[in-house]
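Read the structure below first, then the notes.
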Amino acid sequence: MVNYVLAATARHQATAMLAELETHTPGAAQLLARSAFTELQTWPELTVDLVPEARTGSRCSVAGAYDFGPPARISVADAASRARRDFTALHELGHHLQKHSFDLMDAFESQSDGGLQLEDAACDAFAAEILLPTPLVDHHLDAAGPTAPDIVELWRASGASRMAVCVRAVQHLPAPGHILLLDTGGQVVFAASHGLPPLRRGSFQGDIPTIAQARAGQGRAGGRTQVRYRDGILGRELHAQTAPMNGYLVAVLVTDSAPWRTFTPPTKDTGPQAGEYLCEHCDEEYRSFDPACSVCRAPNCPECSRCSCPARVTEQLCQGCFIRHPPAMFADGADRCLDCS
-7 MVNYVLAATA RHQATAMLAE LETHTPGAAQ LLARSAFTEL QTWPELTVDL
43 VPEARTGSRC SVAGAYDFGP PARISVADAA SRARRDFTAL HELGHHLQKH
93 SFDLMDAFES QSDGGLQLED AACDAFAAEI LLPTPLVDHH LDAAGPTAPD
143 IVELWRASGA SRMAVCVRAV QHLPAPGHIL LLDTGGQVVF AASHGLPPLR
193 RGSFQGDIPT IAQARAGQGR AGGRTQVRYR DGILGRELHA QTAPMNGYLV
243 AVLVTDSAPW RTFTPPTKDT GPQAGEYLCE HCDEEYRSFD PACSVCRAPN
293 CPECSRCSCP ARVTEQLCQG CFIRHPPAMF ADGADRCLDC S
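Residue numbers for the sequence shown follow the working numbering, beginning at -7 and rising by one.
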């Protein structure tokens, strides 16, 4: 789950990544802020390509991909927007920096998933920090938190991508919530989350209340709604506000303290709760929404990646020839293979 601690750690990691960038290539941040995709194409250690969006995969929060190589390769979806290409290229550069620095990789050791969520969140924060300077962000986003119209105004004033603006906006949320960018069909183009489980890029949210109201009208709506996760699972009820964003819809959703209202008490957590489990193999206590194993009824442990099923013995060491053989090579209870017995 993306929580307060992870969000703060991602921003700290992004700051370290900017320092790493300055050490690696002094002055690069300023050049990347002007035209990241074009600038990265001049870097000799990287191959930077435009590819069809279907070839970028869906692991990242953006339509891009990074291949460690060698040679290292950044793939960016051939989007119509130059700003979107720049944000994606910077996100993938973030992966490149983290994969090549032992100091940056140290942050992953304390993460239960090996740092997968932190790495991706830090890439978003890194890209947004380069494209949207703090004085500009502070000028357009109120101290009480961002409203949907505030986010649109920041985007218009900055020239940065909608995705970069969403990342900067979610850092200013006063409570757990999401900043969503949706297309006209109601699918999530990009999601930035704070304190709540993240939403998958490409997930359909077009028929949930508030979003459906906005799509049916002029793009502006407000109220309460629940976002949809995997397998149709609905999250907790959230205060929501939307605004049109030049062919897209931006939505701000929070559990409480909605900046567009005078007083908004916390909503009830009406969403499903993650199951609690104890790993039979490593004794790790964990919570998970992941599908459960059909045999043991437990999802994979995030620490050792195993469910609660007993480990299958696929080979046995023979005490005669000291070679590992499949179980069929041993009589019941024997410690020597058929060839040695």
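We put the CB at the ideal spot given by N, CA and C, even for glycine.
> Is it true that the CB of residue 86 sits closer than 9 Å to the CB of residue 69?
Replying inline: No, the pair does not count as a contact, with Cβ atoms beyond the cut-off.
> What residues match up with residue 66 in a beta bridge as DSSP calls it?
Replying inline: 40, 58
> Between residue 198 and residue 205, which are expected to be in contact by the criterion C-beta below 8 Å, what is the C-beta distance as a whole number of angstroms?
Replying inline: Actually they are not in contact, since the Cβ atoms of residue 198 and residue 205 sit about 11 Å apart, beyond 8 Å.
> Where do the ends of the alpha helix (DSSP H) carrying residue 277 lie?
Replying inline: Not the alpha helix (DSSP H): residue 277 falls in the beta strand (DSSP E), residues 277 to 280.
> Using CA coordinates, which residue listed in 125, 294, 131 is at the minimum distance from residue 152?
Replying inline: 125
> Are the CB atoms of residue 182 and residue 54 nearer to each other than 9 Å?
Replying inline: yes
> If we count Cβ pairs, one from each stretch, closer than 8 Å, do we get three or more for the segment 106 to 121 versus the segment 76 to 84?
Replying inline: Taking 8 Å as the limit for Cβ pairs, the verdict is that the segment 76 to 84 does touch the segment 106 to 121.
>> Once DSSP output is grouped into helix, strand and coil, what is the label at residue 31?
In response: helix
> Which value, in whole angstroms, describes the spacing of the CA atoms of residue 325 and residue 271?
Replying inline: Each residue's Cα considered, the two are about 28 Å apart.
> For residue 5 versus residue 173, is the C-beta spacing smaller than 9 Å?
Replying inline: no
> Could you give the uninterrupted runs of the beta strand (DSSP E) lying entirely in the segment 210 to 259, keeping only those of 3 residues or more?
Replying inline: Runs found: 213 to 217, 230 to 236, 241 to 246.
> According to DSSP, is residue 316 helix, strand or coil?
Replying inline: strand
>> Rounded to the nearest angstrom, what separates residue 98 and residue 329 at their Cα positions?
In response: 45 Å
> Quick one: Cα of residue 319 to Cα of residue 165, how far?
Replying inline: 57 Å
> Out of curiosity, what's the CA-to-CA distance linking residue 150 and residue 128?
Replying inline: 8 Å
> Out of curiosity, what's the CA-to-CA distance linking residue 274 and residue 13?
Replying inline: Going from the Cα of residue 274 to the Cα of residue 13 covers about 38 Å.
>> Across the segment 185 to 195 and the segment 131 to 147, are there enough close Cβ pairs to call them in contact, namely three or more that are closer than 8 Å?
In response: no
> Which of helix, strand or coil does DSSP assign to residue 329?
Replying inline: strand
> Hey, would you say residue 24 sits closer than 9 Å to residue 65, going by beta carbons?
Replying inline: no
> With respect to the beta strand (DSSP E) encompassing residue 185, which residues constitute its N-terminal and C-terminal limits?
Replying inline: It spans 180 to 186 - the beta strand (DSSP E) in which residue 185 sits, taken as one unbroken run.
>> I'd like to check one pair, residue 140 with residue 233: are the Cβ atoms closer than 9 Å?
In response: yes
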